[in-house]
Each structure stands twice: as structure tokens, then as C-alpha cells.
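All residue numbers for the first sequence refer to the numbering used here, where the first residue is 3 and numbers rise by one.
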Amino acid sequence: MATKYQAPRGTFDLLPAAARSRAWVEGAAAAILSRAGYAPIATPAFEDTELFERGVGRSTDIVRKEMFSFEDKGGRSLTLRPEGTAPICRAYLEHGMQKLPQPVKLSYVGPFFRHERPQAGRYRQFHQIGIEAIGSDSPAADAEAIALLAELLAELRIPGVELRLGSLGSLEARRAYLEDLKAHLRAHEGELSSEVRERIEVNPLRAFDADDEGTRAAMASAPKLVERLEGEDADHFAAVRAHLAAAGVEYEIDPTLVRGLDYYTRTIFSFVCDRLGAQSELGGGGRYDGLIEQLGGPPTAAVGWAVGIERILLALGDDLGEEGGEGPVFISFDPDAAGLGERAIALATQLRRAGLAAELDLAGRSAKGQLKHANRIGARLVVLLFADQPAQLRDMESGEQRPVDLDRIVAEVAGGAA
RNA sequence: GCGGCCAUAGUUCAACGGUAGAACUUCGCGUUGUGGUCGCGACAAUGAGGGUUCGAUUCCCUCUGGUCGCCCCA
């Protein structure tokens, strides 16, 4: 703690044990997503600030107060990406992906940045796994995306997960609804909490999330979007639900579900978990049929989601699927004998080329210290090199030891026992 | 961004306002190239800066960081 430098607020070092858990989560995701045809994509860690202002929405908390923005030497305003969808849509347009067979199915994993007050499960640099299916308005695309996230969370055996589903309708329907909702809020202004009152114009949907009694009472009689869906929006939502049922995904309709980003239309969903402390969402997403157009592209329907890796790990707690793996072969040598250190590294290299885990002393330890170290790192076998005697192969579990022919070392060691 | 709680070796914990201790880890030793158990030894800390006091790990303030709740969301 006496160190002068610390990882910046809200960031953390990924130490080996945690890195292993993370690799396991990412590996599970990669397998599931690639089987469904989602190909990996990576975009820069920062983008034009305007991409997020236009894409995410100026009225959102993310854009209003959570972005890490800075100016480069040319005077351009850049921002560390707070989310992944707008950048991928930008890449979709920039690389003319509308000429590819649609929908273009992409997956990503990487760091994102939001200037928030850190808490368990909430960081300033956090990591997400996500997918986007761009170029289809089919309800099957919504259902597939949701089913894949459900599949991932199930595969990781995360306890206490629930899926909340809702629909915002089309942009037009939503706009009309928002006017009605604002009217309702204004009519009940006296009962609302000050925060909600202040946000009537900015983000009236937020009022559904409020905790205070006055607001809740006022919201009980408020018009609800899912109940007003009509025409194609209603048909689309019904079809998504039918597809989800067919895929065996369980969910609960949440008429008050809202999302913090402005680009969502129609289907929205959220996977929540009761093990996240002050946080509740593991991951979520929805359809964003207007975003690409908003960014200057042709009208393009799309759907996607993101899930927080730290949230997954938090929900999993200590119940991680740890794997032991086989211990390495350790090459020990008499540190006082000339040339043995070189032979040891040559031997280790040879074993590694043969695909075997092999280590040797890098700390100038005594012969005794080397054995001790071999034991500590869980070595399964130790090769002992001497200046004037044949090499020995020691089985660390049984303690048995016998001379070994170094010309046949790979075969001897690959066999397992000494 | 708002409120509460917290901050001592690498880690987990001690110490009435009066000499900062321990356990685990790491490194070394227990002689004659050989691990685990055991014994001995060494390294190693009051997050930073102010204030009160003869004296502050302990009380007060600011900052930094963590954490819980709010907010927000992944």
C-alpha cells in the first residue's frame, strides 16, 4: 500500500488467477457464438465523440456525464468507447458490410469505459462480451440473440438468472407514446419525486424505475408501452415470443423495462441476477432499427446484446469451474557444475517443442531449493542433471527415482510415470 | 454525481492516545548436489497531506482508494 502508484480509480489489474476465470468465460462465449455463426470483430478503444453523442443519445446519462472524452493534438474530440454497438455500426457502414449477405452477425469482447462511481460489479474500465446481428428485422434474429445469451449464462451455471422482456415499439409508436406518458407525468407532477420530475422531458421512461411511493403510485395508472403495441410492432413482439418459446427460453414480460441507450426500438431484454449487490443486470440488449440510419447509413434493422464479464464473475462468486491441469516437468541441475544450466534449458526447450510443460530454475537456487520449488509449482516429474553421473528422473508423487537416458527424454516423460 | 462505512507487512488479522505484534506467503539455514512435515532465521506495514497533543495506528480535517446504498447500467 505504500506504493506511489495505484491502478486508477475504478480499474483493476487482472492477476493470473482472475485471468484464468476470465479466459474460461470468454472461451465458453466464443464457442457458443461461433457455433451460431457470429464472427469476431474488434473496433478501436476510442472513437469520435460525436459517434456516441449521435448513436447513444445526447440525453442519456452515458453521454451527459459518463464519457471519458479528450482532445487529440489535432483538436478532434475523442471518447473512450462507453459501449460497443455504435462503433460496430460505424464499422459496418465504413466497410460497406451492407453488401455482405444479411444479417451480418458479429461478436466482440473487450474493454469499455464509463466515468461512474465504482462499486462491486461497476468499474470505470469494464469488459463486455456482445453480439450484433445487423441487417434483419426478423423476429427470429431477436429470438436467436436472446437464446444465445440465455445459453451462455446457463452454460456458465450462473445462479439466480431471470430474463425480462419488453418491447418499445417502433420509433414512431414510441414517440407518440412518450408524448402521452409525459402528459400523464405532468398531470401527476405533484406526486413525483424531484428526480423524476426533472427528467420528465429528458427521459420519462425512467419514471417506471423509481422507488419512492409517490412516483410508484402515479406510475400505476400510467400508460404502458407493451400494452399499446399495435400493428406490425405487436405482430413482431408476438413473433419474438413465439420463437423464444420454440427455443425453450423462459422469460417474464416486464412492461416497465427501459434501457439507458436511446437507440433501442421494439424488442428489449435484460438478464438480471440477484447476486450482483447494488447492480442487477448481468447483460441485456435489444433491437435498434434506427441506429444505422441515425449514423448516416441506409435504414437497417439490427439487434444485439452485451453482457458484463465482471458481472458474470461476481455472480459466480467462488463457484468457478477450476481445472487443475497436469503438472509440468521440472529440470533441476547442480548450480555449481559448469554447463549444466545450459543443458537444462536445452532440455526444457526440447520438451516444450514436443508439447510438454517444462520449467527450470531461474532464480539461482541450490539443488535443494530447486526441488522445493519443483514441489511448490506442482511438478509431476523432475529431471536431475549431474556433472558426473547419469541424469535421474524423479516421480514427485511417489518419490521414486531412476536413471534416465536423455536421448529418449521426450518419450520417457510423455509416458507419465517415472 | 449524492449519502453511510472502511483503510496496519505481499495476504489475513492484532495493538487504552505511550516501544507497531502474529499467522500465512516469500527468501535463507538445519553440511556431504534431493521436495512435501518439523525447527530456526531474515525481508516486510500504519494510503497521502495537514491539525489537536509532551506524545497519534488510535481523535479532527482534506485528498486518494475500496465498499454499501442512491443514481445509472454491463
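Backbone N, C-alpha and C fix where the C-beta goes; we use that ideal spot for every residue, glycine too.
Three or more beta-carbon pairs under 8 Å between the segment 28-39 and the segment 79-94, yes or no? With fewer than three CB-CB distances shorter than 8 Å, the segment 28-39 does not count as touching the segment 79-94.
Taking 8 Å as the cut-off, does the segment 216-235 touch the segment 167-179 (at least 3 CB pairs, one atom from each stretch)? Cβ pair count under 8 Å is three or more, so yes.
Please specify which runs of the alpha helix (DSSP H), each continuous and at least 4 residues long, are wholly inside the segment 151-211, giving them in chain order. 173-189 and 196-200
Contacting residues, own chain, Cβ-Cβ under 7 Å from Phe48 (five flanking each side not counted): Leu80, Thr81, Leu82 and Arg83
Tell whether a beta-carbon distance below 7 Å holds between Tyr422 and Ile43. Outside the displayed range of the chain (3 to 420) lies residue 422, so it cannot be described from this structure.
Are there three or more Cβ pairs, one per stretch, closer than 8 Å when the segment 181-191 is compared with the segment 215-228? yes
Can you tell me which of the three DSSP states Phe14 falls into? Looking at Phe14 - three-state DSSP - the assignment turns out to be coil, as it is neither helix nor strand.
Near Glu399, which residues of its chain fall below 8 Å by C-beta distance, leaving aside the five closest residues on each side in sequence? Its chain contains Arg382 as the residues whose beta carbon lies nearer than 8 Å to that of Glu399, once the 5 sequence neighbours on both sides are disregarded; these appear in chain order.
In chain order, what residues of the same chain have a beta carbon less than 8 Å from the beta carbon of Gln403, not counting five sequence neighbours either side? Leu386, Gln394, Leu395, Arg396, Asp397 and Ala420
Is it buried or exposed for Lys107, if we count other Cβ within 10 angstroms and need 16 for buried? buried
Note down the Cα distance separating Ala413 from Ala356, rounded to an integer number of angstroms. Distance between the alpha carbons of Ala413 and Ala356 is about 10 Å.
Between Asp264 and Val58, how many whole angstroms is the CB-CB distance? I'm expecting something under 8 Å. For Asp264 against Val58, the beta-carbon gap comes to about 6 Å, under 8 Å, which counts as contact.
How is Ala420 classed by DSSP in three states: helix, strand or coil? Annotation note: pLDDT 46 at Ala420 (below 50); position unreliable, coordinate value reported separately. In this structure, Ala420 counts as coil in the three-state DSSP scheme.
Please name the residue or residues paired with Gly285 in a DSSP beta bridge. Phe273 and Val309
Arg354, enclosing alpha helix (DSSP H) - first and last residue: Leu342 to Arg355
Could you please give the first and the last residue of the uninterrupted alpha helix (DSSP H) stretch that includes Gly250? Where Gly250 is concerned, there is no enclosing alpha helix (DSSP H), given that its DSSP letter is neither H nor E.
Using only alpha-carbon positions, find the residue among Lys101, Leu53, Tyr40 and Ala175 that is nearest to Glu134. Checking every option, the nearest Cα to that of Glu134 belongs to Tyr40.
Close Cβ partners of Met3 (< 7 Å) along its chain, the five nearest in sequence each way excluded: At Met3 the pLDDT is 46, less than 50, meaning the model places this residue with poor confidence and gives no usable figure here.
Bridge partners - Arg396, DSSP secondary structure assignment: Val384 and Gln403
How far does the beta strand (DSSP E) with Gln127 in it extend, from its first residue to its last? Gln127 to Ile136
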